[in-house]
Amino acid sequence: MLWLLLLSLACVAAVVSCVRLCRAAVRAAAADARPGARRELSLYEAAFLSGGPYRAAEFTLVSMARERRVLLAHTGWATVVDPEPRDAMEEAVIEAMGPQGQSPIAEVRKAAAAAGPVRELAEGLVGAGLAVPDSARGTVAGAVRQVRAVALATLALCLAAMLIPGQGETGTSLLTWFTLPLMLTLTSLAIARYETHPYTRWASLAGRRLLADLPAGERDQRPVPLARVALCGIGAAGDPQLEAAFSVRSAAQRTL
Numbered sequence: 002m003l004w005l006l007l008l009s010l011a012c013v014a015a016v017v018s019c020v021r022l023c024r025a026a027v028r029a030a031a032a033d034a035r036p037g038a039r040r041e042l043s044l045y046e047a048a049f050l051s052g053g054p055y056r057a058a059e060f061t062l063v064s065m066a067r068e069r070r071v072l073l074a075h076t077g078w079a080t081v082v083d084p085e086p087r088d089a090m091e092e093a094v095i096e097a098m099g100p101q102g103q104s105p106i107a108e109v110r111k112a113a114a115a116a117g118p119v120r121e122l123a124e125g126l127v128g129a130g131l132a133v134p135d136s137a138r139g140t141v142a143g144a145v146r147q148v149r150a151v152a153l154a155t156l157a158l159c160l161a162a163m164l165i166p167g168q169g170e171t172g173t174s175l176l177t178w179f180t181l182p183l184m185l186t187l188t189s190l191a192i193a194r195y196e197t198h199p200y201t202r203w204a205s206l207a208g209r210r211l212l213a214d215l216p217a218g219e220r221d222q223r224p225v226p227l228a229r230v231a232l233c234g235i236g237a238a239g240d241p242q243l244e245a246a247f248s249v250r251s252a253a254q255r256t257l
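Residue numbers for the sequence shown follow this note's numbering, so the first one is 2 and each next one is one higher.
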């Protein structure tokens, strides 16, 4: 009967996708379990481990703005005041502003996040066992998307089977059979939400330990608490004008 073929497709897809998710989670856990170097983190490194390349770019902009070497206008534009960078991260931000020394913050953030210094920062943290490799994050995320797609496909196959005339089974009976692959996928997604989610973050277990050990004195810098910006993002700066400058980015992205 045709409904058996549909059920077989749903079961095979569910098993394959769930096995892939389990394997991806195991690989991510293995990468996360590597012992990391016990050392002090720079604030650039703390920013990357907390929020990835975009957080590192944001932090660099805020750090330069705090010293009046970059102006971040509430209109969402960044302007270079001091064109002499003090390190590679600042150089990436200044170059991202273009030859005119002025660009929208959204564009500067995007370009700086993809620049060489941020990639080198990421590679160094991965090599030290403090950051999760891109491959591990991407594999888990892709496996979760696949399981989610199979769960939706199972519902579609179940509906198709129920609409086939003369299949010899009642709707309730068909629903019971298709519940098996559906429960497998939903259970896997539930487990992934609580078990694999930590492994998809930027920082490994060792990296998260170092973030927790960040000296308390650095968390309370004024007038802009740079360590808190690195750890928690722009909202932790407590500066309405700064938040307004970066919020333009979000508005611009919503219009795309």
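Heads up, the beta-carbon is just placed ideally off N, CA and C, and yes, glycines get one too. None of the values given here were measured: they were computed from a predicted structure.
query                                                                                                                                                       : result
Considering only the beta carbon of each residue, do L42 and V94 sit closer than 9 Å?                                                                       : no
Quick test of the definition: if touching needs 3 or more C-beta pairs under 8 Å, does the region 126-146 touch the region 199-215?                         : yes
Do you know offhand how far H75's Cα is from Q242's?                                                                                                        : 6 Å
Determine the contact status of V81 and R70, defining contact as a CB-CB distance below 9 Å.                                                                : yes
Using C-beta distances below 8 Å, list every residue in its chain close to L227, excluding the 5 sequence neighbours before and after it, in chain order.   : L44, F60, V63, S64, R67, E219
Which complete beta strand (DSSP E) runs does the region 90-159 hold, if anything under 3 residues is left out?                                             : 103-105
Starting from the Cα of T180, find the closest Cα among A157, R210, L73, C23 and give me that residue.                                                      : A157
Going by Cα to Cα distance, which pick from E85, L122, S104 is closest to V249?                                                                             : S104
For a test of the three-state rule: what should DSSP assign to T186, helix, strand or coil?                                                                 : helix
Using the Cα positions of G53 and L190, report the straight-line distance between them to the nearest angstrom.                                             : 24 Å
In three-state DSSP terms, what is R223?                                                                                                                    : Reliability fails at R223, whose pLDDT of 43 lies under 50, so the model's placement of it is uncertain and the value that follows must be treated cautiously. Three-state result, R223: coil.
Are the CB atoms of P182 and V27 nearer to each other than 9 Å?                                                                                             : no
So, under 8 Å CB-CB, V148 and C12 are touching, yes? Tell me the CB distance rounded to an integer number of Å.                                             : Incorrect: roughly 14 Å between the Cβ atoms, too far for contact.
Within its chain, find whatever has a CB closer than 6 Å to the CB of V127; leave out the 5 residues flanking it on each side and keep chain order.         : P134
The alpha helix (DSSP H) spanning A57 covers which residue range?                                                                                           : 44-67
Within 10 Å of its beta-carbon, does D240 have 16 or more other beta-carbons around it, so buried, or fewer, so exposed?                                    : buried
Let's test the definition: count the other Cβ atoms within 10 Å of the Cβ of T177 and tell me whether it reaches 16, buried, or not, exposed.               : exposed
Buried or exposed: which applies to E121, given that a residue is buried once 16 or more other Cβ atoms fall within 10 Å of its Cβ?                         : exposed
Short of 6 Å in beta carbon distance, which residues of its chain neighbour T140, apart from the five on each side in sequence? Order them along the chain. : A25
CB R229 to CB A144, shorter than 9 Å?                                                                                                                       : no
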